[in-house]
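Participant:
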Amino acid sequence: MFDIYHPFGSKYYQPFSWNTEEISFNAYSSRQKVAVRSGFAVLSEHQLAHPQLSFITENGIDWQDTAALKIHQSSEVMKLHNLVICELPQLATESAASGELTLLSAWQLEIVRSQLEWIERWTQVLMEHAAQRKVGASTLLSVPSIRVRLGQIMQHHALLVQCLALGNWSAQQALTDIEGIVDALIKTAGGRAMLQHGLVEMNSLFAVLNLIYLG
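Numbered per UniProt numbering, the sequence shown spans residues 1 to 215.
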């Protein structure tokens, strides 16, 4: 019988959340610096309200004129996680010199790392859930299609982690790989993926972040 309070049986899982301030700190050693790509940025409501907020643009400018920002309407998922999408004026987003792109790369790297951490958490939850859940006399993990899918998820995850460690990765490839991995996780979780702070919600937020920063 499905228990809404324990959707994965006895396995505790950490509901999905997204911390842009942690991304900022890991990338720029400041919780109030946010990267911009093609004129757009995703940040928390707390960051937006902070008097020391600044945007690191692709041309290396530290932009602080928050009065000039255009705030776009957010989806329900974005609102749930207290995130906003803003657009900087064209003056701040001229083409970047190649040397300045390392600033954006640091932000992209932290976004991908954080997404991979969430993928690893969910993979572990689903592995343990599949090992516990009975299907007749066997467990869900004994079903060949489930076992193969989980194996492929772990393989692709490990490969992308290794590529990041070696510095041998591209933003576009990371976007494609993460999209495929999360899709496989959703298929494995079934209806449980629809839970609030669950996989479908995570997939929706990743899609927005990756479209802006990686695509």
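Idealized CB from N, CA, C, for every residue including glycine.
The structure displayed is predicted, hence computed values, not measured ones.
How is the alpha helix (DSSP H) around I153 delimited, first residue to last?
Facilitator: P144 to L166
Participant: Could you check if A193 is buried or exposed, using at least 16 other CB atoms within 10 Å of its CB as the buried criterion?
Facilitator: buried
Participant: Whose CA, out of G60, G180 and V135, lies closest to the CA of Q155?
Facilitator: G180
Participant: When you compare only the Cα positions, how much space is there between T188 and L88?
Facilitator: 39 Å
Participant: Given a cut-off of 8 Å on the beta-carbon distance, is the pair N82 and S24 in contact?
Facilitator: no
Participant: Are T139 and A130 closer than 8 Å when you measure CB to CB?
Facilitator: yes
Participant: For L141, which three-state DSSP category applies?
Facilitator: L141 falls in the helix class under three-state DSSP.
Participant: Is it a yes or a no for the region 200 to 211 touching the region 72 to 80, going by three-plus beta-carbon pairs under 8 Å?
Facilitator: yes
Participant: Beta-carbon within less than 7 Å of A171's beta-carbon, same chain only, minus the 5 sequence neighbours each way: which residues are those?
Facilitator: Apart from the 5 residues on each side of it in sequence, A171 sits with its Cβ closer than 7 Å to the Cβ of Q108 and L214 in its chain, given in chain order.
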